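Undergrad: Residue numbers (the numbering used here), protein chains in the order written: chain A, 33 to 159; chain B, 33 to 159; chain C, 13 to 397; chain D, 13 to 397.
Beta carbons are placed, not taken as given, at the ideal position from N, Cα and C, and that holds for glycine.
Given the structure is predicted, the values throughout are model-derived calculations rather than measurements.
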Ligand SMILES: Cc1ncc(COP(=O)(O)O)c(C=O)c1O
Ligand SMILES: Cc1ncc(COP(=O)(O)O)c(C=O)c1O
């Protein structure tokens with residue numbers, strides 16, 4: 033069902049955990065649907081220098097969370113914001129069609145984290 | 033499907049043919065339904081001394097024709113008239129249920145032959 | 013006693029290679045294809061491969077194949093499924109007088125449920141004409157079902173021409189290809205059909221499994237509701253072994269189809285010729301548009317079942333349109349639709365050849381049949397020399 | 013890697029004796045049971061014997077058995093068949109919230125066709141109460157369908173009591189015994205049911221074959237129209253090999269049912285006990301009225317499919333009511349009907365034991381699961397130690 037790459041990220045997820053001094057946090061999904069992704073990012077000079085995740089969800093949810101941390105790290109937030117769920121799926125060499133929608137929330141989580149970062153920055157500069 | 037006794041009568045039918053000087057002939061069934069039985073009887077002193085048949089029909093039709101000739105021969109016409117289709121089936125150790133009605137016309141053919149004989153007698157004594 | 017099987021239109025033996033392809037799925041590979049673990053994935057893979065193979069062999073896409081429990085389910089699903097799904101669009105269905113009961117009785121049942129039905133007649137060779145189908149079409153016709161070749165008399169219908177007529181009217185077209193799958197070309201694009209049903213046990217595969225082709229875009233209400241199998245169009249844990257067997261059998265059939273058909277046509281024609289020597293004998297069905305393996309004759313003055321029993325006593329397995337073999341009073345609806353009288357139709361005999369038959373079989377049959385016919389005629393009150 | 017199969021509620025391996033009983037019917041005994049000649053009669057005889065055996069084992073008469081293509085077809089035939097046959101008498105049907113989709117979706121489809129449906133709730137153990145069924149019955153109720161035991165949580169329903177209630181109201185009663193055939197006593201007279209469906213592949217027989225018991229006098233419209241097979245209630249050339257396999261499997265199951273159940277209960281309870289040691293774990297279903305082989309638990313804060321994948325990586329085959337295994341968004345309708353929240357229902361795991369499992373398997377599973385649960389919880393944003 034899953035590609036080898038999905039299984040690799042599922043069995044050895046990269047960047048699991050939290051960042052205590054994160055300056056952006058994104059959370060998407062809800063427990064009702066069986067998928068929650070939470071992403072922590074650390075942004076320095078507009079570049080994502082650290083990223084960690086925690087995910088409640090199926091194999092696809094965990095693998096997409098893991099792979100997006102690899103895709104995002106080192107990118108500027110403007111670049112990272114452009115990553116789509118489709119690209120995430122492609123990076124994993126495809127996902128089963130039933131998983132494309134319900135369990136591939138990674139790009140949305142990343143966007144949410146970046147938005148949170150921007151809000152924090154705006155709040156800080158305003159104060 | 034058929035009992036050994038049916039197959040015996042089907043493969044070695046008794047009394048096939050016609051009786052040239054028969055004094056009773058009975059025919060029942062029709063080609064539309066796929067079964068026609070014709071019985072010739074020779075009656076002497078109210079006793080059936082000879083009987084022959086010709087049948088167009090399935091295995092059950094041929095076997096019931098054959099067995100009724102054995103059952104009837106030597107009987108008085110009053111006795112022979114009492115033979116039922118059910119008795120014919122029993123004599124053959126049973127018939128498949130789908131065959132009970134459509135292909136077991138033997139008793140009716142015998143009754144028809146006896147009636148024909150009676151008519152002939154009446155006609156002869158009247159003349 | 014030497015047994016000669018000449019009833020391949022009724023069913024066929026499962027080829028050894030087919031049994032071998034099936035065996036693992038009774039043994040170690042018993043997983044449910046819906047399961048995520050290894051056993052399940054391996055079953056799923058076998059299922060996917062079978063689907064690819066079947067779809068490829070009939071010129072379809074994998075997603076257009078629904079595996080069924082056989083030809084009858086396939087025809088029922090095609091007909092009732094389309095009828096239910098499109099009942100708001102129209103309630104008129106067209107079929108022919110010589111269809112298998114799986115089609116005819118489905119259509120007649122729908123009639124009881126409020127659909128309208130037109131049964132197209134056939135000519136004396138059992139042929140449906142595209143013009144008659146055209147005449148039957150109405151603006152509210154949603155489905156036409158005409159078989160590819162007839163199971164009794166072997167007449168092959170002009171499916172391509174009929175399909176064109178039907179397409180022109182915007183109705184869907186189902187063909188029952190149970191007798192032609194593995195024998196003729198059933199490329200669905202070539203034929204131009206929207207639905208096509210086939211059955212494994214008629215093509216040297218196992219009983220109880222079949223396939224229904226449904227062109228992409230054609231909606232169906234399921235006949236069997238439940239799990240999400242077969243893209244929610246046919247519920248039930250998949251008969252993995254059977255499906256693998258079906259795919260293998262169809263594949264094998266295609267390997268040497270042309271040679272085998274040529275061989276069968278020769279045997280068939282030898283048999284037909286020999287039988288025509290018997291007086292008062294009528295060949296049924298088209299001599300031109302005919303399945304390579306089908307012989308169907310009527311012997312006047314005798315009844316089919318007693319013929320079959322006598323053949324069986326000599327080790328020959330054959331079939332008849334006789335009423336008595338089906339337990340009904342009327343003989344074959346196919347022969348009657350072709351204009352035969354009841355009397356003659358009762359005396360029909362069908363011999364259908366297969367891979368296991370050879371010339372010696374034909375000669376043996378041709379030696380036995382005249383003797384049996386003569387014997388039964390001697391016994392028949394209808395026969396006057 | 014050692015593979016441990018613990019998903020016997022999904023499907024079971026075919027027992028060797030069953031395969032051996034089936035093989036002749038792929039080989040030399042390929043006749044169509046409707047044929048009059050030797051091959052046909054031998055197939056017919058095998059079919060008759062299988063029917064006798066199955067009917068005897070469930071306390072029915074041979075004429076009351078219809079062979080089907082599995083549990084889903086059986087349930088569909090029972091429900092739609094009775095609904096169609098008795099629609100002039102009434103159009104109300106009762107079922108429960110925890111039925112298999114083969115039942116639920118049949119009933120819901122009939123609703124779309126104009127029937128009325130009442131779905132009876134269950135308690136937190138998944139139990140249907142006879143009183144609730146009684147409340148649902150109306151003068152126009154023609155059919156009630158309540159499963160014998162649930163396939164997810166293993167809860168055994170009080171079928172006898174429910175049947176009594178239904179009989180008192182003059183409706184017919186169908187039970188889906190797919191999970192109990194071969195395991196519990198399914199004597200139809202004892203249970204008091206009018207219809208009962210079962211499936212071979214759940215009891216160590218082949219996939220794609222099942223049986224439906226229909227009490228004498230209960231009418232059915234066929235689901236599959238066509239030939240005169242199965243007393244005109246289910247058309248299609250019979251899957252002789254499969255039917256022989258079903259009968260053999262059911263016979264074998266009955267030979268040592270009590271010993272095997274006792275063995276399974278021991279294993280099951282050892283497993284249940286071990287799993288309860290894991291914190292934030294909930295056992296689902298009744299602990300008293302429970303199938304001998306069923307374990308169903310929810311691990312809070314984690315999702316079922318990721319659990320299954322991890323188990324699979326360690327060679328353990330299991331199942332989940334997770335939404336993600338079915339491709340839907342909602343988790344098991346059974347767990348939701350029992351009052352579980354979506355969050356918790358997503359984290360369910362079903363382990364169903366069988367003949368091939370032993371104590372060592374249980375111990376291995378009990379060693380692996382806590383590690384996996386801990387690892388997934390570490391990864392879960394919902395989990396706070
Ligand atoms: C309770 C129940 N009913 C019906 C079915 C359907 O049986 P089958 O897969 O044989 O169609 C199943 C299993 O899938 C089941 O567990
Ligand atoms: C033309 C035709 N259609 C349908 C069927 C039904 O197929 P099955 O017996 O596999 O259900 C048959 C054979 O019985 C057939 O010959």
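So what's residue 90/B in DSSP terms, helix, strand or just coil?
TA: As a first step, residue 90/B is located in the second chain; it is residue number 58 there, counting from the start. Looking at residue 90/B - three-state DSSP - the assignment turns out to be coil, as it is neither helix nor strand.
Undergrad: Considering only heavy atoms of ligand 3, does any lie closer than 7 Å to the CB of residue 211/C?
TA: Among the ligands in the structure shown, ligand 3 does not appear; only ligand 1 and ligand 2 can be found there.
Undergrad: So which residues of chain A does residue 315/D contact, with C-beta pairs closer than 7 Å?
TA: Within the fourth chain, the letter at position 303 stands for residue 315/D. Those are 66, 88, 89, 90, listed as they occur along chain A.
Undergrad: Grab the span of the beta strand (DSSP E) containing residue 306/D for me, first residue to last.
TA: As a working note, residue 306/D is residue 294 in the fourth chain. Run containing residue 306/D: 306-311, per the beta strand (DSSP E) assignment.
Undergrad: Output, in chain order, the set of chain D residues within a Cβ distance shorter than 7 Å of residue 321/C.
TA: The residue given as residue 321/C occupies position 309 in the third chain. Those within 7 Å of residue 321/C in chain D are 48.
Undergrad: Step through the CB atoms of chain A and report whether any lies within less than 8 Å of the CB of residue 355/D.
TA: Here residue 355/D corresponds to residue number 343 of the fourth chain, with the count starting at 1. So, interface residue.
Undergrad: Under 8 Å Cβ-Cβ, which residues of chain A neighbour residue 393/D?
TA: By 1-based counting over the fourth chain, the position of residue 393/D is 381. Correct list: 59, 68, 69, 70, 86, 87, 88.
Undergrad: Let me know if residue 300/C comes out buried or exposed under the rule of 16 or more other beta-carbons within 10 Å of its beta-carbon.
TA: For the purposes of this step, residue 300/C is taken as the residue at position 288 of the third chain. Result: exposed.
Undergrad: Listed from N- to C-terminal order along the chain, which residues in the region 95-119 of chain B have their beta-carbon within a distance smaller than 8 Å of any beta-carbon of chain C?
TA: Those residues of the region 95-119 of chain B that come within reach of chain C (Cβ to Cβ, closer than 8 Å) do not exist; the list is empty.
Undergrad: With DSSP run on the structure shown, which of helix, strand or coil describes residue 1/A?
TA: The structure shown does not extend to residue 1/A, since chain A spans only 33 to 159, so no value can be given for it.
Undergrad: How many angstroms separate the CA atom of residue 91/D from the CA atom of residue 308/D?
TA: Taking the fourth chain and counting its residues from 1, the one referred to as residue 91/D is at position 79. Taking the fourth chain and counting its residues from 1, the one referred to as residue 308/D is at position 296. For residue 91/D and residue 308/D, the distance between alpha carbons rounds to 29 Å.
Undergrad: Going along the chain, which residues of its own chain have a beta-carbon closer than 8 Å to the beta-carbon of residue 90/B, five neighbours each way excluded?
TA: Position 58 of the second chain, counted from the first residue, corresponds to residue 90/B. If we look at residue 90/B and ignore the five residues flanking it on each side, its Cβ neighbours are 66, 67, 131, 135.
Undergrad: Since I believe residue 382/C is in contact with residue 86/B (beta carbons under 8 Å), could you give me their beta-carbon distance rounded to a whole number of angstroms?
TA: Working through the second chain from its first residue, we reach residue 86/B at position 54. Working through the third chain from its first residue, we reach residue 382/C at position 370. Wrong, their Cβ atoms sit about 20 Å apart, outside the cutoff.
Undergrad: Under 8 Å between beta-carbons, which chain C residues line up against residue 24/D? List them in chain order, please.
TA: Numbered from 1 along the fourth chain, position 12 holds the residue referred to as residue 24/D. Result: 42.
Undergrad: Within 8 Å of any Cβ in chain A, is that where the Cβ of residue 361/D sits?
TA: What you label residue 361/D is simply residue 349 of the fourth chain in a count that begins at 1. Residue 361/D does not count as touching chain A.
Undergrad: By the criterion of Cβ-Cβ separation under 7 Å, what are the contact partners of residue 38/C in chain D?
TA: For this step, residue 38/C is matched to residue 26 along the third chain. Within chain D, the residues near residue 38/C are 26, 31, 218.
Undergrad: Tell me the start and end of each unbroken beta strand (DSSP E) in the region 99-159 of chain D that is at least 3 residues and wholly inside, in chain order.
TA: Runs found: 104-108, 128-132, 153-157.
Undergrad: Hey, is residue 190/D close to ligand 1, as in C-beta under 7 Å from one of its heavy atoms?
TA: As a first step, residue 190/D must be located in the fourth chain, where it is residue number 178. For ligand 1, at least one heavy atom lies less than 7 Å from the Cβ of residue 190/D.
Undergrad: Checking the sheet assignment: what are the DSSP bridge partners for residue 184/C?
TA: Within the third chain, residue 184/C is the residue found at index 172, counting from 1. According to DSSP, which records beta bridges pairwise, residue 184/C is partnered with 155/C.
Undergrad: Have a look at 23/C, 133/C, 53/C, 57/C and flag the residue whose alpha-carbon is nearest the alpha-carbon of residue 401/C.
TA: The structure shown does not extend to residue 401/C, since chain C is modelled only from 13 through 397, so no value can be given for it.
Undergrad: Is there a Cβ from chain C that is less than 8 Å from the Cβ of residue 63/B?
TA: As a position in the second chain, residue 63/B is number 31, starting the count at 1. Residue 63/B counts as touching chain C.
Undergrad: Is it the case that the region 135-154 of chain B contacts the region 100-118 of chain B, given that we only count it when at least three CB pairs across the two stretches are under 8 Å?
TA: Flag = yes, the region 100-118 of chain B and the region 135-154 of chain B touch.
Undergrad: Distance, Cα to Cα, residue 199/C vs residue 172/C?
TA: Position 187 of the third chain, counted from the first residue, corresponds to residue 199/C. Position 160 of the third chain, counted from the first residue, corresponds to residue 172/C. Computed Cα separation, rounded: 11 Å.
Undergrad: Are the region 96-108 of chain C and the region 66-76 of chain C touching, with three or more C-beta to C-beta distances below 8 Å?
TA: No, because fewer than three Cβ pairs between the region 96-108 of chain C and the region 66-76 of chain C fall closer than 8 Å, the two stretches do not touch.
Undergrad: In whole angstroms, give me the CA-to-CA distance for residue 83/C and residue 175/C.
TA: As a first step, residue 83/C is located in the third chain; it is residue number 71 there, counting from the start. As a first step, residue 175/C is located in the third chain; it is residue number 163 there, counting from the start. Cα to Cα, the separation comes out at about 20 Å.
Undergrad: Which residues in chain B have a C-beta closer than 7 Å to the C-beta of residue 347/C? List them in chain order.
TA: As a position in the third chain, residue 347/C is number 335, starting the count at 1. Per Cβ cutoff of 7 Å: no residues; residue 347/C is ~12 Å from chain B at best.
Undergrad: Would you say residue 301/D faces chain A, with C-beta separation under 8 Å as the test?
TA: Along the fourth chain, read from residue 1 onward, the residue named residue 301/D stands at position 289. Judged by the 8 Å Cβ criterion, residue 301/D is not in contact with chain A.
Undergrad: Within the present structure, is the beta-carbon of residue 62/A separated from the nearest heavy atom of ligand 1 by less than 7 Å?
TA: Along the first chain, read from residue 1 onward, the residue named residue 62/A stands at position 30. No, Cβ of residue 62/A sits at least 7 Å from all heavy atoms of ligand 1.
Undergrad: Less than 7 Å separating the Cβ of residue 349/C from some heavy atom of ligand 2?
TA: Stepping through the third chain from its first residue, residue 349/C is reached at position 337. No.
Undergrad: Can a CB atom of chain C be found closer than 8 Å to the CB of residue 235/D?
TA: By one-based count along the fourth chain, residue 235/D stands at place 223. Yes, residue 235/D counts as interfacial toward chain C.
Undergrad: For residue 385/C, which residues from the same chain have a beta carbon less than 7 Å from its beta carbon, with the 5 sequence-adjacent residues on both sides left out?
TA: Your numbering for residue 385/C matches position 373 in the third chain. 290, 311, 314.
Undergrad: On the three-state DSSP scale, how would you describe residue 62/B?
TA: As a first step, residue 62/B must be located in the second chain, where it is residue number 30. Strand, per DSSP.
Undergrad: Just to confirm, does residue 156/A get its C-beta within under 7 Å of one of the non-hydrogen atoms of ligand 1?
TA: As a position in the first chain, residue 156/A is number 124, starting the count at 1. Result no, Cβ not under 7 Å from ligand 1.
Undergrad: On the CB-based measure, 16 or more other CB atoms within 10 Å of its CB, does residue 1/D come out buried or exposed?
TA: As displayed, chain D neither begins before 13 nor continues past 397, which places residue 1/D out of reach and without an answer.
Undergrad: Using C-beta distances below 7 Å, list every residue in its chain close to residue 121/B, excluding the 5 sequence neighbours before and after it, in chain order.
TA: Working through the second chain from its first residue, we reach residue 121/B at position 89. Here the set comprises 127, 132, 136.
Undergrad: Apart from the five residues on each side of it in sequence, which residues of its chain come closer than 6 Å, Cβ to Cβ, to residue 41/B?
TA: Position 9 of the second chain holds residue 41/B. Around residue 41/B: 95, 98, 99.
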